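These protein sequence lines are chains A and B, in that order.
Residues 1 to 212, numbered by the UniProt record's numbering, are exactly what the first sequence covers, in order.
Residues 1 to 407, numbered by the UniProt record's numbering, are exactly what the second sequence covers, in order.
For each residue, glycine too, the CB sits at the ideal point set by N, CA and C.
If you're wondering where the values come from, they're calculated on a predicted model, not measured in any experiment.
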Amino acid sequence: MPPVVQHTFKVVVLGEGHAGKTSLVVRYVQGTFNDARKATVQASFLTKHLDIDGSQVELAIWDTAGQERYHSLAPIYFRDAHAALIVFDITDADSFTRAKSWVKELRTMVGPGILLAIAANKQDLDRDRTVPDADSKAYAQSIGASHLQTSAKTGLGLEEAFEEMAARVLQQHNAAAATQQQAAKYLPGRRQGTMRLADEATRPPPKRSACC
Amino acid sequence: MLISPLRGPASPGPNSPHMSRISRHSMHSAPRHAAAQHARSFNESQAIVRRPHSTIARRVEAWIAELTEQLEPEVALFETRVHQRGDIALALESVLLHGMHAGLMESVRKDHACADRELHDFVARLQPEVRPAAGTRHALNAVFELSGVPPNLQGVDLRAAVGELRALDAATCPLDIIQSLEAADDAILHAMDALSDDEPGAHFMSADDLLPLFIAAIVLTQPRFLASTLAYVHAFHVAGDWCGQAGFQVATLEAAIVYLQEQASISQPCGQNPADTHQPEGIHAPDREASASSGAADNEAILLAMMDSDTPLTFAPDTSPPFRMPASPGQSRSPQSIARAAASKPAALGTPGGVDVGGVPGPTVLFDSIASSFAGVLIKLHAPSEISNIAGCSSAIGAAQRGEPGF
Chain A
1 MPPVVQHTFK VVVLGEGHAG KTSLVVRYVQ GTFNDARKAT VQASFLTKHL DIDGSQVELA
61 IWDTAGQERY HSLAPIYFRD AHAALIVFDI TDADSFTRAK SWVKELRTMV GPGILLAIAA
121 NKQDLDRDRT VPDADSKAYA QSIGASHLQT SAKTGLGLEE AFEEMAARVL QQHNAAAATQ
181 QQAAKYLPGR RQGTMRLADE ATRPPPKRSA CC
Chain B
1 MLISPLRGPA SPGPNSPHMS RISRHSMHSA PRHAAAQHAR SFNESQAIVR RPHSTIARRV
61 EAWIAELTEQ LEPEVALFET RVHQRGDIAL ALESVLLHGM HAGLMESVRK DHACADRELH
121 DFVARLQPEV RPAAGTRHAL NAVFELSGVP PNLQGVDLRA AVGELRALDA ATCPLDIIQS
181 LEAADDAILH AMDALSDDEP GAHFMSADDL LPLFIAAIVL TQPRFLASTL AYVHAFHVAG
241 DWCGQAGFQV ATLEAAIVYL QEQASISQPC GQNPADTHQP EGIHAPDREA SASSGAADNE
301 AILLAMMDSD TPLTFAPDTS PPFRMPASPG QSRSPQSIAR AAASKPAALG TPGGVDVGGV
361 PGPTVLFDSI ASSFAGVLIK LHAPSEISNI AGCSSAIGAA QRGEPGF
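Dropping the structure here:
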C-alpha cells in the first residue's frame, strides 16, 4: 500500500513557450524525454510523491500555457500555489527576460509568500548559451529564489530542483503551523469585543480543504 | 480577520466633501492605509449580504465536517481500502449536494443568467455549420484559430471531448462536473494520441496543447450555463482537492471561460459588477452609495449587529426558519437529524416544497440510507463515477449490505 500523503503542495511551472518546461516536468516525474515515446502522455498536470525527512509529501505540478495570448490567464493557475518553478532556456535571452516578468507578476498576484526557483534549462546545449550563468544566478539571488541548472534531456539537476523546493515549502509550512499553534495557545477563544469579518471579496473562490 | 469594533470603518470616502478639503499628500501614509483597510473591510462585510451562496456553502462545509467526524470510526473498518478523510468528505459532499442541487443551481443560474447568455450567444455564433459543404472545414479552422490551437494539432478529432462536456449542463453535484472535465481531458489526450501516428512531434499533452483544444471543445459543445457551472463548483465543491487534479480541471475551465469572455469582450455582463450580481428575492443589498453617505452612525449600527455573531451575517430580514447548527458540545447529533436540517434549507432558497431532484430521493431519505450503510458509499469511491449517480450509489449500498463479492 502506498504511504499516506501528509502534505500536498501545489507547484506551478512557468516559462516561455519553448523554454522546455513540459519536458522538464515529464522527465522528472516519469523519467522519460521526448524520444521513443509510444503513447501521448498527459503532462499538463502531474504528481510526484516524495519522502522529505520522513514526511510524505505530494507535489502537484501544474503546467501553464506559455503562449502570449494566454498570458492574462496565468493568475488563474498560480492562485494558491506554494511554489513556482520558472524555467528559461539558456540559449534564448528572451526567455530569460520573460522569466523575470513572470517573477514580477507572481510577486504581485500571489505575494511574497510563494517560494521561487529559477531553472536555467537546456544545459546540454551549453555551447549555444546566450544567458551567462552568472547573470541568472545573480538575478535568482536578488529575488531570494534558488537557482538550478537543469536539462530535461540529460536529467541534470531535476531531482535536486524539486526536492529542494519541496523541502523549503515543507519547512515554511511547518513554521507557519507552529506559529499558528503558538498563537492558539494564547488566544484560546474569541476575545471579548472583537468580531470576525468574512473576507468575502478577496477570498479566492476555491477552498483548499484537501491540501495544506 | 480580527478587527476591533472600536476601530470601525468611519473613514470618509475619497469623494466626500470632507476628503476634498484634505490634501492626500498631507496625510501620513499610515492613516491612509488604515482608512483604506477600514473601507475594504466594510465593503467585504457587505458582500456577505450579496452572496448568500457563501453562507450556504459554509453550512454545507460544517455539515460535512461534523458528519465526517462521526463517521470516522466506521471508516476505520475499511482502512485498507479507504483511508483518507478527504474521500469521506467528498462522498458526503456529493450525496448532500446532489440532494440540494435543484434549488442551489436554480439560484446560481439566476445570478449568472447574463454571463451565461452572453457566453452561449458568443460560442453559438462561432459554431461551424454542420453540413457536408466545403465550408465546414473552414469554419472548424476558425474555431481552432480563435482558440489558439497549434497548426500541428488542428486535425485533432474533438467529438469525444465534446460528448463528455455535454454532461456539464446536466451535472447534479460538483463531483459530476469535475468528472466531466476530467473525461473531456482524457478524450483530448486520446484524440492527440490518435493524431500522433501521423504527427511524430506530438508526444505529450502540455498545457499549451490542452488549453486551446479544451477551449475549442467548449466552443463546439456550446454549454448553456458555463458561468453558472463555474460559480457553482467554486462555491460548493467544499471538499475539493483544489491543489490537485480537481483544482487543475476547474482552473482549466475557468481559463477557457475567461479567454472566451475576453474574445467576446464581455467585460461586465449586463452592465453589472460581478460582485453585485446576487439579488435573491427578499434580500436586498444595501445601496453602496447610500451606505457611503449615511455616515459613521449607520456603519456603527451595522458593526454592533455584527459583533458577537458567529453565524453568517445578513442585514435583511430572514424569513426562513432559524438555522441551528449542532448542538452543544458533547451532545452529538445523528447524521439523520443533520440531514433533515439540510433538507429544510433548500426550501428557503425559493424552491417550493423542498427539493426536486428528478425522482431520486431527497437528502433526508438519502442520508438515512447513507447513515445506515455508509460503507457502501466509501467502497464505491474506488469507482468515483458512481458516487455522483444516486442509482449507482444505492446499488453499491445494497451490494455492500448483501456482502457481494467485490464489495
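Kindly indicate if chain A contains any beta-carbon less than 8 Å away from that of residue i.
i	result
B:Gln-261	no
B:Ser-107	no
B:Val-95	no
residue 410 of chain B	This structure gives no information on residue 410 of chain B, because the portion of chain B shown stretches from 1 to 407.
B:Leu-210	yes
B:Ser-180	no
B:Cys-114	no
B:Gly-155	no
B:Ser-206	yes
B:Asp-169	no
B:Cys-243	yes
B:Phe-225	no
B:Val-258	yes
B:Ala-91	no
B:Phe-144	no
B:Glu-254	yes
B:Ala-216	no
B:Ala-251	yes
B:Leu-119	no
B:Phe-248	yes
B:Leu-104	no
B:Leu-126	no
B:His-203	yes
Excluding five sequence neighbours on each side, which residues of the same chain lie with their C-beta closer than 6 Å to the C-beta of residue i?
i	result
A:Met-165	Ala-83 and Ala-117
A:Arg-124	Per the sequence shown, residue 124 of chain A should be read as Asp rather than Arg. Closer than 6 Å at Cβ, skipping near neighbours: Ser-151, Lys-153 and Thr-154.
A:Val-131	Ile-90, Ala-93 and Phe-96
A:His-49	Glu-58
B:Ser-54	none
B:Ala-246	Ile-178 and Gly-240
Nearest chain B C-beta to residue i closer than 8 Å, yes or no?
i	result
A:Thr-40	yes
A:Tyr-139	no
A:Trp-62	yes
A:Lys-104	no
A:Tyr-77	yes
A:Arg-10	According to the sequence displayed, residue 10 of chain A carries Lys and not Arg. Yes, contact with chain B.
A:Arg-69	yes
A:Gly-17	yes
A:Ala-117	no
A:Gly-144	no
A:Val-29	no
A:Thr-179	no
A:Ser-44	yes
A:Ala-65	yes
A:Leu-73	yes
A:Thr-22	yes
A:Asp-80	yes
A:Val-26	yes
My assumption, with CB atoms under 8 Å, is that residue i sits in contact with residue j. Please give the rounded CB distance.
i	j	result
B:Ala-57	B:Phe-236	6 Å
B:Leu-230	B:Glu-254	6 Å
B:Leu-260	B:Leu-119	6 Å
B:Val-258	A:Leu-73	6 Å
B:Leu-165	B:Ala-217	6 Å
A:Thr-40	B:Asp-193	4 Å
A:Gly-15	A:Val-87	4 Å
A:Val-110	A:Phe-9	A:Val-110 to A:Phe-9, Cβ: 14 Å. No contact.
Strictly by DSSP, which residues pair up with residue i?
i	result
B:Ala-170	Per DSSP, none; premise fails for B:Ala-170.
A:Glu-58	A:Thr-8 and A:His-49
B:Met-205	A:Gln-42
A:Asp-63	A:Val-13
A:Gln-149	A:Ala-120
Going along the chain, which residues of its own chain have a beta-carbon closer than 7 Å to the beta-carbon of residue i, five neighbours each way excluded?
i	result
B:Thr-68	Arg-85, Ile-88, Ala-89 and Leu-92
A:Leu-156	Gln-123, Gln-149 and Thr-150
B:Cys-173	Ser-94, Leu-97, His-98, His-101 and Ser-388
A:Leu-46	Val-25, Val-29 and Ile-61
Indicate, with yes or no, if the ligand MG has a heavy atom lying under 7 Å from the CB of residue i.
i	result
B:Arg-159	The ligand content of the structure shown is nil, which means the ligand MG is not present either.
CB-CB under 8 Å to residue i, same chain, minus the five flanking residues each way: which ones, in chain order?
i	result
B:Asp-116	Arg-109, Arg-224, Phe-225, Leu-226, Ala-227 and Ser-228
Which full runs of the beta strand (DSSP E) of 3+ residues lie inside the region 75-147 of chain A, going along the chain? 83-89 and 115-121
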